[in-house]
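Novice: Next up is a structure, given as structure tokens.
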Amino acid sequence: DQQVKQNSPSLSVQEGRISILNCDYTNSMFDYFLWYKKYPAEGPTFLISISSIKDKNEDGRFTVFLNKSAKHLSLHIVPSQPGDSAVYFCAANQGPSGRFGAGTRLTVKP
Amino acid sequence: NAGVTQTPKFRVLKTGQSMTLLCAQDMNHEYMYWYRQDPGMGLRLIHYSVGEGTTAKGEVPDGYNVSRLKKQNFLLGLESAAPSQTSVYFCASRTTGGWGYTFGSGTRLTVV
Numbered sequence: 014d015q016q017v018k019q020n021s022p023s024l025s026v027q028e029g030r031i032s033i034l035n036c037d038y039t040n041s042m043f044d045y046f047l048w049y050k051k052y053p054a055e056g057p058t059f060l061i062s063i064s065s066i067k068d069k070n071e072d073g074r075f076t077v078f079l080n081k082s083a084k085h086l087s088l089h090i091v092p093s094q095p096g097d098s099a100v101y102f103c104a105a106n107q108g109p110s111g112r113f114g115a116g117t118r119l120t121v122k123p
Numbered sequence: 740n741a742g743v744t745q746t747p748k749f750r751v752l753k754t755g756q757s758m759t760l761l762c763a764q765d766m767n768h769e770y771m772y773w774y775r776q777d778p779g780m781g782l783r784l785i786h787y788s789v790g791e792g793t794t795a796k797g798e799v800p801d802g803y804n805v806s807r808l809k810k811q812n813f814l815l816g817l818e819s820a821a822p823s824q825t826s827v828y829f830c831a832s833r834t835t836g837g838w839g840y841t842f843g844s845g846t847r848l849t850v851v
């Protein structure tokens, strides 16, 4: 039962352009959504989050959008940089428990 | 301030052997978690704990046991390892009022 889905396993963009990573969820009880970035041989690191009562949160080049009616969230990175190349996981919390998507590998080409 | 520390970092087991993975956090976090990461499957929750002496099952708990005897430590045990348990295991922790997890650097386990 995959409650959090990232349907694109990979994404490639040109440096300076926008990267858009998508995530869908099925459980309407999730109360917090997060994005994590992971480099090889390291643990995931927190990137940005959004509460279920909001529809947008911005932090520098990173913006997360939440569409509760569609049960969809997205991460926008503008402008994309080669150092952003990593695997991105979306996650959703319900109380103490959390679920993660399968991840999207982002490659930013110089 | 080390954050979340996992030991060991690598391990090879034979089918049927047992082992314990140790997770230690020094941030006084209440919640602790064990995830496994497999290609195409992302991070799947094995077990978690909301406080000392408590444990709860996650998405894929079968074949694993956990214990949280001390607030700062969360142990993951494999009683009889199987090749299907070959994976990278991540421990994480967070505060009760927070929402972001702090992850360890992972344990790569191979069962042959």
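Same order as they appear, the protein sequences are chains A and B.
Per my numbering, residue 14 is the first one in the first sequence, and the count goes up by one each step.
Per my numbering, residue 740 is the first one in the second sequence, and the count goes up by one each step.
Using N, Cα and C, we set each Cβ at its ideal position, and we do this for glycine too.
Keep in mind the model is a prediction, meaning the values are calculated, not measured.
What three-state label does DSSP hand residue 94 of chain A in the structure shown?
Specialist: coil
Novice: Buried or exposed: residue 846 of chain B, going by 16 or more other Cβ atoms within 10 Å of its Cβ?
Specialist: buried
Novice: With the cut-off set at 8 Å, would you say residue 770 of chain B and residue 782 of chain B are in Cβ contact?
Specialist: no
Novice: Could you tell me if residue 757 of chain B is buried or exposed, where buried requires 16 or more neighbouring beta carbons within 10 angstroms of its beta carbon?
Specialist: exposed
Novice: Report the rounded CA-to-CA distance for residue 744 of chain B versus residue 755 of chain B, giving the unit in angstroms.
Specialist: 26 Å
Novice: For the beta strand (DSSP E) that contains residue 27 of chain A, what are its first and last residues?
Specialist: Membership of residue 27 of chain A in the beta strand (DSSP E) is indicated by the continuous run 23-27.
Novice: Do the CB positions of residue 798 of chain B and residue 784 of chain B come within less than 8 Å of each other?
Specialist: yes
Novice: Is the distance from the Cβ of residue 826 of chain B to the Cβ of residue 777 of chain B below 8 Å?
Specialist: yes
Novice: Using a C-beta cutoff of 8 Å, does residue 75 of chain A count as contacting chain B?
Specialist: no
Novice: Taking only beta-carbon atoms, is residue 857 of chain B less than 8 Å away from chain A?
Specialist: Residue 857 of chain B is absent from the model: chain B starts at 740 and stops at 851.
Novice: For the segment 115-123 of chain A against the segment 68-78 of chain A, are there 3 or more C-beta pairs whose distance is under 8 Å?
Specialist: no
Novice: So who's on the other strand from residue 786 of chain B, going by DSSP bridges?
Specialist: B:773 and B:796
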